[in-house]
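The opening position of the sequence shown corresponds to residue 166 in our numbering, with each subsequent residue numbered one higher.
Backbone N, C-alpha and C fix where the C-beta goes; we use that ideal spot for every residue, glycine too.
Computed from a predicted structure; not experimentally measured.
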Amino acid sequence: MPEFRAGQIIPLRYKSREINAIIIDPNGLGPDKLSIGMGIHGMDRHIGIPRQTLSDRVSEIDA
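If you want it as structure tokens, here you go:
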């Protein structure tokens, strides 16, 4: 398995699309099991959750 590090951007295939994800923790889900994130813009574009919904949710969590 390649060496991954937090903050590294990696290409992934999701529902027949190429997307870029950022590694949050190289062992976040166990040894050699990455936890990744897409950011608000990526989730809006690739998963279909509107930016405003995501922003509102993050604001609720931070409060």
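Counterpart residues of residue i in DSSP-defined beta bridges
| i | result |
| --- | --- |
| residue 178 | 183 |
| residue 189 | BP columns for residue 189 are empty, so no partner. |
| residue 201 | 188 |
| residue 195 | 193 |
CB contact flag (residue i, residue j, <8 Å)
| i | j | result |
| --- | --- | --- |
| residue 169 | residue 188 | yes |
Presumed contact (8 Å Cβ cut-off) between residue i and residue j, rounded CB distance
| i | j | result |
| --- | --- | --- |
| residue 184 | residue 177 | 5 Å |
Review point. Are the region 215-223 and the region 186-199 in contact at 8 Å, needing three or more beta carbon pairs?
Key: With contact defined as three or more Cβ pairs closer than 8 Å, the region 215-223 and the region 186-199 are not in contact.
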